[in-house]
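Asks: The working numbering numbers the first residue of the sequence shown as 2 and each following residue consecutively. For glycine and all other residues, C-beta sits at the position ideal for the given N, C-alpha and C. The structure presented is a predicted model; accordingly, all values stated were derived computationally and were not measured.
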Amino acid sequence: MRMRTLALAAASGAALLAAGSLTQAAPGGSLSPSAAPATARNAHSGAVHLETVAHTARLSDDGPSDGTGSGSGVREGSVSAADLLAKVSSCSQISNGKYRTDEETSATVPVCGKNGAVFWKADMDIDCDGQVTTACNTDTDPWFQDDTAFHTSGDKPLSAEKLPYVVVPSSSGIWNYSSAGIKGGGVVAVIYGGKVEYAVVGDTGPDKIIGEASYATAKALGIDPDPETGGAESGVTYILFKNSEVSPIESHDAAVTAGDALAKEFLQNN
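1) Compute the distance between the beta-carbons of Y193 and I224, then report whether it is under 8 Å.
2) Taking 8 Å as the cut-off, decide whether the C-beta atoms of K115 and K88 are in contact.
3) Give every residue of the same chain whose Cβ lies closer than 6 Å to the Cβ of T139, excluding the five residues on either side of it in the sequence, and list them in chain order.
4) In chain order, what residues of the same chain lie with their CB nearer than 7 Å to the CB of A118, ignoring the 5 residues before and after it?
5) If we require 3 or more residues per run, which beta strand (DSSP E) segments fall completely within the region 184–241?
6) Report the option in E104, I127, L86 whose CA atom is closest to the CA atom of T230.
7) Taking the beta strand (DSSP E) that F120 falls in, what are its first and last residues?
8) So, helix, strand or coil for Q94, using DSSP?
9) Cβ of V275 within 8 Å of Cβ of A108?
10) Which term fits E213, buried or exposed, when burial requires 16 or more other beta carbons within 10 angstroms of its beta carbon?
11) Starting from the Cα of E162, find the closest Cα among G187, D124, E251, P111 and give me that residue.
12) With distances taken between CB atoms, is the gap from M274 to A217 smaller than 8 Å?
13) V257 by DSSP, collapsed to three states: which one?
14) DSSP puts V168 in a beta bridge; with which residues?
15) Quick one: does the C-beta of G195 sit closer than 7 Å to a heavy atom of the ligand ATP?
16) Are there 16 or more other CB atoms within 10 angstroms of the CB of P143, so buried, or fewer, so exposed?
As structure tokens, then:
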């Protein structure tokens, strides 16, 4: 995001994957200390454990596919974009105010609440922060920063080029993501153009701006991932599942498995 701020944090060491009403996890896991706000390092109370982790294939109208999400009709998991969007057609605002989508825009985007999730509808700026890769570096991104708020299981920054992740606004008087049950590694369903991409909460951004995701998230949804000229002006829905966490955070397969289960539960409970 333009004029981004950097928050440093370390990885989750817990063996947790999410789903609101699934089997309770054993206590003891927590995010590692870091320079990020303390709210980003909340304990795992209320987190849940998935006993079995199995990859959920990307599905299309023609069946399983190995596509990257950019093809027509391709989605991750078994829940359609239309079904998810039907549940977020109206907003019960939980934020104290609204966010801007960019520095120069007015504040028009609220954070909304649902059973088991929060969501917002905004644009998508491209976050290329984290590990230096071919697509994400100081040459390709004028705002590049070589760290992310949350780290891999090996205590390295996330890779924006490889991992679908979403940026949440840093905690402020407008909204505190941690208090809402959102944490690093939490599962997010990102919806755009009739497609669903499961991502994790991977970074934090300015406290008054919303609407940003990693290079990999944009590419999977068919959005131009160029950090300087790409992104989507509008039409992106972000559904963040409360008290969820993928471990290891860098496993996209784990995010898809957890996301599919959480999305089904979300449909049942709303």
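Replies: Result, derived from the coordinates:
1) For Y193 and I224, yes; Cβs fall inside 8 Å.
2) Against a cut-off of 8 Å, the Cβ pair of K88 and K115 comes out as a contact.
3) Apart from sequence neighbours up to five positions away, the residues of its chain that approach T139 with a beta-carbon distance below 6 Å are F145, ordered along the chain.
4) Closer than 7 Å at Cβ, skipping near neighbours: I240, L241, F242, K243, F267.
5) Listed in chain order, the complete beta strand (DSSP E) runs (minimum 3 residues) inside the region 184–241 are 188–193, 196–206, 213–215.
6) Nearest option by C-alpha distance: I127.
7) For F120, the uninterrupted beta strand (DSSP E) segment begins and ends at 118–128.
8) In the three-state scheme derived from DSSP, where H, G and I count as helix and E and B as strand, Q94 is classed as strand.
9) Because the chain spans 2 through 271 in this model, residue 275 falls outside it and cannot be assessed.
10) E213 counts as buried, since at least 16 other C-beta atoms from the protein chains shown sit within 10 angstroms of its C-beta.
11) By alpha-carbon distance to E162, the top candidate from G187, D124, E251, P111 is E251.
12) With the chain represented from 2 up to 271, any question about residue 274 goes unanswered, as that position is not in the structure.
13) In the three-state reduction of the DSSP assignment, V257 falls in the helix class.
14) D204, per the DSSP bridge assignment.
15) No copy of the ligand ATP appears in this structure; indeed no ligand is present at all.
16) The residue in question, P143, is exposed, as its Cβ has fewer than 16 Cβ neighbours within 10 Å.
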